[in-house]
Structure formats: C-alpha cells, structure tokens
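Worksheet for the structure shown next.
Chains as they are written, first to last, in this note's numbering: chain Y, 1 to 246; chain B, 1001 to 1246.
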C-alpha cells in the first residue's frame, strides 16, 4: 500500500473524529449553559428564601405593635427601593384604614385615612395582590426630602382571607412587578399579618390587665406601674414628687 | 506538490485540531462538573432556607405556649428522623429543666425533670450547640411503640445568651451531625426561643388580666369568662346549672 492511501485513510478517520468531538463539545456547551441558568435560578431562589427568613425573624421578634409595623414596612420598602412608605390598618367595623406607621413622609406617622372602596387601595385590595397604582396630585404624599412620588405599590395584608390592612410603598416611577418580587412581598405581608395579630392580642391583654372590667377605670396594677414610672422619672430629673389620696 | 505531502500536512493540521478540541472538551466537562456541584449546593441551601422559613412561620403562628412547644419539637424531630422527643424549659431561679411537651414517649407529656449540670444535658449546654449524647439505661425513656432509644440529640434553646430550655430528640443509633443539620437545628431553636418568649409573656399578661393584683384572687373578668364557659358547657350537654351568690 502506498503512503498516499494510508494518509488518505488517516485523514478521513481524523475528520470523522473531529466531527464527533465537535458535536460532543457543542452538546457539552449547551449543558453548561443550561446548568448556568439553573444555578442563577437556584441562587436567586435561595437569596429570596434567606431574605424572607431574615424578615420573618425581624418582624416576629417583637410583641410591640409599633415596632412590628415599622420593621415590616421598612423591610418591604427596602426590597422595592421605595422612597417612602406607610402602613394602614383596618379598624374593626370600619370601611376605612388608618395610617399607623410611616417613613420618609413629611406628615405625622399616624393619623391619615384611606377608604377601602376608593383608589388607590381598591384595585389592589380587590385583586388581593401587590399592585402598582398611579396617584393623582391630591393623594400624592409629600416627602421629608421634598418631592411628591406619583406612584404607589399597594401590598394588601390579610390573614385567613380577612383584610387586616395594607402597605403603601411610594415609587418615583411606574414599575412592573416581577413574579419573584410579588412573591417576596406576599411573603413579607403574610409574616407581618401574623406578627400584627399577635401584637394586637398582646396589647388587648395588656389593657385588660390594667383596667377594671366593670368600670373600665385604671386598676391597682395600673396605679403600681404608673407610681413606679413617676418615681423613676422624679429621681432621674431630681424633682420632688407628691402623692395625694382623696 | 504531490498528493502524499498535501495529505500529510492535512493530517498534521487535523491532529492539531483534534488535540485542541479534546482539550476544550475536557475543560468544558470540568466546568459542567463544577456547575453541577454548585447547583447541588445551592439547591440544598435553598431547601434548607425554605424549610426553616416554613418552620419559623409554623412556630410563630400561635401565642399558646403548648402549641408553640409542640410545633417546634415535632418539626425538629422530623428533620432528624427522631423516634421521640421532649421539650424541657428552665423555670426562673432553678437549676433544673422541666418537661413541658413530648411526643411518642410512654410517660406524661409534662412533669419530667433534668438537672442542668448533669448529663445528658450538661455537655450540650456547655458547648451551646446541638450534640448527640449516649443515655444510660436509667435515663433512656420508654417509647409508646416499645423500645428504649439509647441516644439523644440535645438542642439547647437560648435567647441573647440566656438558656431558656432544651429539646431532646431520641435516636435509635449514634449519629454524626453534619454542619448543615446543626445549622438547621440552631435555626429552629432560635425561632422557638422567640416564639416561646412571646407565648410566656402573653400567658403572664393573661394571668394578670384575670387576677386581682392585691389578693391574687380571680377577678370579675375571670368570673365573666368562666360563667360563659360553664353556661356553654351546660347547654352543650343539656345539663342544669346553678349560680350561688354568698
């Protein structure tokens, strides 16, 4: 057999091997790309779960209503990069929500009111999920730092199907919510719902402990508590204190 | 140029190309393997975070101490595949812990006692982390289903460095704890610590609301509550009821 024939056969084999290798390289690249995408998904999901866990711990770490509201609100606001936020709670038997906490607003933290069946609340509350709504000039709040954000992300807070309140997160521009963000906000809202309920139950029990059932007047326990407080205050400020019994 | 020379040069190029391709294929395979390992890590971490979040929600969903204890205990037991479990709580000013909840034990849920400075608690409590300890025949508990597990996984429950109690998870065999498992158990323990503290505060406040501060006797609120309960019970069982005022 001559050299040319041997070389020809070798070349043909080499070309075949080359084709096979190229095909498997391409397939491998595809797998690597798929794996990379899956990895990005997974680490996103892990980050969200870890974030939600941290928020759940923070929200549930107190039985004081004001603290619970502020922690839930600022965490939700931070997730969405909101310039300001407010937390509204339903009072039993009312069709209004009252502002119980806020940050970065130039008004008092408490005191504002929103009707449940009017915008900006109604669309989000009837959809029962986080929703971005445009505010008109009248309802746009003033910021501590100046400016009036024209968009609000409304996050309903509910517990076993019952509406407890809503968070309003003010945005400088309209924004589409990704499914991940909506899921995260719903998670924060459901953690907040439990923590708020517990804080309310504790507050009610505390009020019970300090008032007389029949007359609703402060009781002996209240007297002891206030007396101690006033004693401590007088001592702190080096004031005199008088106790008058009629 | 003759054919042999052309074929030879082609072959040489082909061999070079083959080597290059093989090298990049190998590198790609390495990347894919690394990605696969990273993916497994990530999804493990995501599963742990999601599990801990679910447990945090379950543990924090009640203010009733008994429920909090049972939920935390059974969740921790399920993670470790424990055949039985018990929850001990420190009473203030005591060097003992008392059993306040348990599952699958043939004794009463409440009532048992452990000295903090004696085994099986002391090694785990001084290490302040979950630890598997061997039980002697005297301390090995009896199971509902028969048998006496000889190993116990002790999980200390602490809050801001203060010991609140410990979970005992009974195992049929000695087991090395992985770092992930230890982390998960610590997470459950710290969630349980907060929920237990809140339940205790609520219980204390409830007791305050139902007793007179001076005499520690049940007050008017307690009377109203019990009266309603007894009325309902009588109605349910179609019994007569008498109310005696002295």
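Even glycine gets a Cβ: it sits at the ideal position worked out from N, Cα and C.
Minimum Cα-Cα distance from residue 130 of chain Y among the listed residues Y:76, Y:229, Y:237 and Y:245 corresponds to Y:76. Neighbours of residue 1205 of chain B in chain Y, taken as residues at a C-beta separation under 7 Å, are given in chain order as 202, 205, 206 and 209. Residue pairing by DSSP places residue 165 of chain Y opposite Y:89 and Y:157 in a beta bridge.
Linking residue 203 of chain Y to residue 86 of chain Y through their CA atoms gives a straight-line distance of about 21 Å. Under the rule that a run must span 3 or more residues, the beta strand (DSSP E) segments found entirely inside the segment 1037-1095 of chain B read 1084-1090.
Taking C-beta separations shorter than 8 Å and ignoring five residues to either side along the sequence, the partners of residue 1230 of chain B in its chain run 1241, following chain order. Close to residue 194 of chain Y, with beta-carbon spacing below 7 Å, are these residues of chain B in chain order: 1060 and 1061. The beta carbon of residue 74 of chain Y sits no closer than 8 Å to any beta carbon of chain B. In chain order, 208 and 213 make up the part of chain Y whose C-beta sits under 8 Å from the C-beta of residue 1221 of chain B. Residue-level contact by beta carbon fails for residue 226 of chain Y and chain B, as no gap is shorter than 8 Å. According to the DSSP assignment, residue 1231 of chain B belongs to the alpha helix (DSSP H) that extends over 1220-1236. Under the three-state reduction of DSSP output, residue 178 of chain Y falls in the coil class, being neither helix nor strand. Counting every other CB atom within 10 Å of its CB across the protein chains shown gives residue 1228 of chain B a total below 16, marking it as exposed. Of all residues in the segment 17-37 of chain Y, the ones placed with a Cβ closer than 7 Å to any Cβ belonging to chain B are 17, 18, 21, 22, 24, 25, 28, 29, 31, 32, 35 and 36, in chain order. In this structure, the beta-carbon distance from residue 1143 of chain B to residue 1084 of chain B falls below 8 Å. Counting only residues of its own chain and dropping the five nearest sequence neighbours on each side, residue 148 of chain Y has a CB closer than 8 Å to the CB of 137, 140, 141 and 142. The beta-carbon separation of residue 1039 of chain B and residue 42 of chain Y, rounded to 6 Å, stays under the 8 Å limit for a contact. Within chain Y, 53 have C-beta atoms less than 7 Å from the C-beta of residue 1052 of chain B, given in sequence order. Around the CB of residue 1218 of chain B, fewer than 16 other CB atoms lie within 10 Å, so the residue is classed as exposed. Residue 1131 of chain B: member of the beta strand (DSSP E) spanning 1131-1134, first to last residue. In the three-state DSSP reduction, residue 1211 of chain B falls in the strand class (E or B). Using a 10 angstroms sphere on the CB of residue 1151 of chain B, the tally of other CB atoms reaches 16 or more, which defines it as buried.
Only residues of its own chain outside the window of five on either side were considered, and among them 1097, 1099, 1114, 1165 and 1166 have a CB closer than 6 Å to the CB of residue 1088 of chain B, listed in chain order.
Under the three-state reduction of DSSP, residue 198 of chain Y is assigned to helix. At a cut-off of 8 Å, the C-beta of residue 1015 of chain B has a neighbouring C-beta in chain Y.
Residue 10 of chain Y reaches chain B at 1011, counting residues in chain order whose Cβ is nearer than 7 Å.
For residue 198 of chain Y, at least one C-beta of chain B is nearer than 8 Å to its own C-beta. Linking residue 78 of chain Y to residue 162 of chain Y through their CA atoms gives a straight-line distance of about 26 Å. Put simply, the CB of residue 159 of chain Y is far from chain B, with every gap to its CB atoms at 8 Å or more.
Chain-ordered, the chain Y residues with CB closer than 7 Å to the CB of residue 1043 of chain B read 42. Residue 176 of chain Y and residue 213 of chain Y have their C-alpha atoms some 51 Å from each other. Counting other Cβ atoms within 10 Å of its Cβ, residue 1055 of chain B reaches 16 or more and is therefore classed as buried. Relative to the Cα of residue 181 of chain Y, the nearest Cα in the group Y:238, Y:172, Y:154 and Y:193 belongs to Y:154. Following the DSSP letters along the chain, one finds residue 113 of chain Y inside the beta strand (DSSP E) bounded by residues 113-115.
Residue 178 of chain Y and residue 133 of chain Y have their C-alpha atoms some 15 Å from each other. Close to residue 78 of chain Y, with beta-carbon spacing below 8 Å, lies no residue of chain B; the smallest spacing is near 18 Å.
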